[in-house]
Amino acid sequence: ADLERIAVRVELGACQPRELGAVRDACGCIPKVVKALEQHGCEGLKYLAALMKGIVINPQLNARLQAALSDDLPIYLGEQDTIRSGFDAELDRVRGLRSSGRAWIAEFEERQRSLSGIGSLKVKFNNVLGYFIEVTRPNLGKVPTHYIRRQSTVSCERFTTEELNKRELEVLGAEERERALEKGLFEELRLFVAAFTRELREVSAALGQLDALSSLAETAVRENFVEPEIDDSADLIIEQGKHAVLSKLLQDNFVPNSTQLLQDDKRCFVLTGPNMGGKSTYLRQIGLIVILAQIGSFVPARSARIGIVDKIFARIGASDNIAEGESTFLVEMREASNIVNCATERSLLLIDEIGRGTATADGLAIAQAVLEWAAKKGARTIFATHFHELTGLAHHLPQIGNLCVASAEDCRAICLSVPGRS
Numbered sequence: 002a003d004l005e006r007i008a009v010r011v012e013l014g015a016c017q018p019r020e021l022g023a024v025r026d027a028c029g030c031i032p033k034v035v036k037a038l039e040q041h042g043c044e045g046l047k048y049l050a051a052l053m054k055g056i057v058i059n060p061q062l063n064a065r066l067q068a069a070l071s072d073d074l075p076i077y078l079g080e081q082d083t084i085r086s087g088f089d090a091e092l093d094r095v096r097g098l099r100s101s102g103r104a105w106i107a108e109f110e111e112r113q114r115s116l117s118g119i120g121s122l123k124v125k126f127n128n129v130l131g132y133f134i135e136v137t138r139p140n141l142g143k144v145p146t147h148y149i150r151r152q153s154t155v156s157c158e159r160f161t162t163e164e165l166n167k168r169e170l171e172v173l174g175a176e177e178r179e180r181a182l183e184k185g186l187f188e189e190l191r192l193f194v195a196a197f198t199r200e201l202r203e204v205s206a207a208l209g210q211l212d213a214l215s216s217l218a219e220t221a222v223r224e225n226f227v228e229p230e231i232d233d234s235a236d237l238i239i240e241q242g243k244h245a246v247l248s249k250l251l252q253d254n255f256v257p258n259s260t261q262l263l264q265d266d267k268r269c270f271v272l273t274g275p276n277m278g279g280k281s282t283y284l285r286q287i288g289l290i291v292i293l294a295q296i297g298s299f300v301p302a303r304s305a306r307i308g309i310v311d312k313i314f315a316r317i318g319a320s321d322n323i324a325e326g327e328s329t330f331l332v333e334m335r336e337a338s339n340i341v342n343c344a345t346e347r348s349l350l351l352i353d354e355i356g357r358g359t360a361t362a363d364g365l366a367i368a369q370a371v372l373e374w375a376a377k378k379g380a381r382t383i384f385a386t387h388f389h390e391l392t393g394l395a396h397h398l399p400q401i402g403n404l405c406v407a408s409a410e411d412c413r414a415i416c417l418s419v420p421g422r423s
């Protein structure tokens, strides 16, 4: 359950029965979570131990919710019983009146069928007439004389009796009283829970972190991720890296790729290759591995050594912004401007097909200018492009190297980056 969202709705008075039920269920599960962590020796892991201390629910809240709420809760208040039987004596008494009244109506229906000899006779209810006796037209000759006609329709006529009118007042009065009592009790319960919303937010934050960490750990074990080495250098070395999602989907059809951007060597590479060759996948793969490493996760690679990155700039794909009147080229240039103005020598730049939103000559000039700027800035850069003229910059700028996408005709490889020009 999203305890933080529910806490806000409780404070605003907008919560529904199932949301308080979710709080109740969470209160019951949290002790099991803490116990499971303790059994697995997490007291030796300082961070998880600190999280455990945050997973505390006041026992009064748990006890009150367990006592007050029914097991099977409706979506909206009033659809069915929300407050548990036995929680409030007056509510139980009124429910007894309602139940006995409905039982009487069912018995009354059977009695009227027997007395009139009309097997299809039914006692029904609607908001206009209340309870009424419905008789189809072929059976109107059998209607007892004490029936009082209420309404005629095309296929039937509706009647009542003095006995039914009297009991109707009792039944409807009990139902109305029950709704009012249940609404009041639910509001009291909401106000009680509202006093614990700060605790619910703290618990939600702790459980959220625990969920994220356990998910990363489970994925790392299942997919054989490795622990990356993080240091203060400006190197980025990934051996046999994989895209965390695509490698799972494609299994053996995905070809691992290595990456080597060195502080004292080439830190900017031009990546060329055919369409659908995997250039964009390769860029995304590098970005995902760096992000995973810097959030403390293991990574999909044989090994990885990553110098701390202060920012990641990924200019991948092409799209316009019709709502703001921005063309594909304008969006592209704004993104490039953001990179030039904000990147540092410790940034990672993943740039894909910059300059393709305009004429070829202009696009080439823009791409070359950005590439030369990145090389002189010293930022670690992979620059995917179809402008093969850019590969010639490696002869003039020692910071730039060339990579190309190689392919094999007898396999369905996604991407294999190798040094050189395509």
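Start counting at 1 in the sequence shown, then tack on 1, and there's your number in our numbering.
Every residue, glycine too, gets a C-beta built ideally from N, C-alpha and C.
Model, not experiment: these values are computed from the prediction.
Please name the residue, chosen from the options, that lies closest to residue i on a Cα-to-Cα basis.
| i | options | result |
| --- | --- | --- |
| Gly55 | Tyr132, Gly364, Leu211 | Leu211 |
| Gly279 | Arg306, Glu110, Pro257, Asp93 | Pro257 |
| Asp266 | Ser248, Pro399, Leu293, Met334 | Pro399 |
| Cys269 | Arg285, Asn403, Ser304, Val246 | Asn403 |
| Leu92 | Leu284, Glu219, Ile383, Leu182 | Leu182 |
| Pro139 | Thr154, Leu130, Glu327 | Thr154 |
| His389 | Asp353, Arg303, Val271 | Val271 |
| Glu179 | Ile317, Ile76, Val95 | Val95 |
| Ser281 | His397, Leu350, Asp89, Glu327 | Leu350 |
| Ala104 | Val124, Ser86, Leu116, Ser115 | Val124 |
| Asp321 | Val222, Arg335, Ile340 | Arg335 |
Can you grab the Cα-Cα spacing for the pair residue i / residue j, in whole Å?
| i | j | result |
| --- | --- | --- |
| His387 | Asn276 | 9 angstroms |
| Glu20 | Ile7 | 6 angstroms |
| Leu13 | Ala195 | 9 angstroms |
| Gln40 | Ala368 | 57 angstroms |
| Gly118 | Val136 | 11 angstroms |
| Asn63 | Gly308 | 47 angstroms |
| Arg202 | Val11 | 12 angstroms |
| Ala375 | Arg306 | 22 angstroms |
| Lys33 | Ile296 | 27 angstroms |
| Phe330 | Leu365 | 13 angstroms |
| Glu5 | Arg159 | 52 angstroms |
| Thr161 | Ala27 | 50 angstroms |
In the DSSP output, which residue or residues are listed as bridge partners for residue i?
| i | result |
| --- | --- |
| Arg150 | Phe160 |
| Arg306 | Glu230, Ile238 |
| Leu350 | Phe314, Thr382 |
| Gly55 | For Gly55, which the question treats as bridged, DSSP gives no partner whatsoever. |
| Tyr132 | Phe126 |
| Val300 | Val227 |
| Ile84 | Leu70 |
| Leu262 | Leu237 |
| Thr137 | Cys157 |
| Glu327 | Asn322 |
Exposed or buried, which one is residue i when buried takes at least 16 other CB atoms within 10 Å?
| i | result |
| --- | --- |
| Arg413 | Note that Arg413 has pLDDT 47, beneath the 50 cutoff, so the model's placement of it is unreliable and the number below is only indicative. With fewer than 16 other Cβ atoms within 10 Å, it is exposed. |
| His244 | buried |
| Asp253 | exposed |
| Gln113 | buried |
| Cys416 | Confidence is the limiting factor: at Cys416 the pLDDT is only 47, short of 50, which leaves the residue's position unreliable, though a coordinate-based value still follows. Buried, because 16 or more other Cβ atoms sit within 10 Å of the Cβ of Cys416. |
| Arg25 | buried |
| Tyr48 | exposed |
| Ser248 | buried |
| Ile323 | exposed |
| Pro145 | exposed |
| Glu333 | buried |
Please tell me whether residue i and residue j are closer than 7 angstroms, where the distance is taken between their beta carbons.
| i | j | result |
| --- | --- | --- |
| Pro229 | Ala315 | no |
| Ile355 | Ala380 | no |
| Leu190 | Ala107 | no |
| Gly274 | Val406 | yes |
| Gly102 | Val172 | yes |
| Phe187 | Leu78 | yes |
| Phe226 | Val300 | yes |
| Ile383 | Leu394 | no |
| Asp353 | Ile313 | no |
| Gly242 | Gln286 | yes |
| Glu219 | Arg99 | no |
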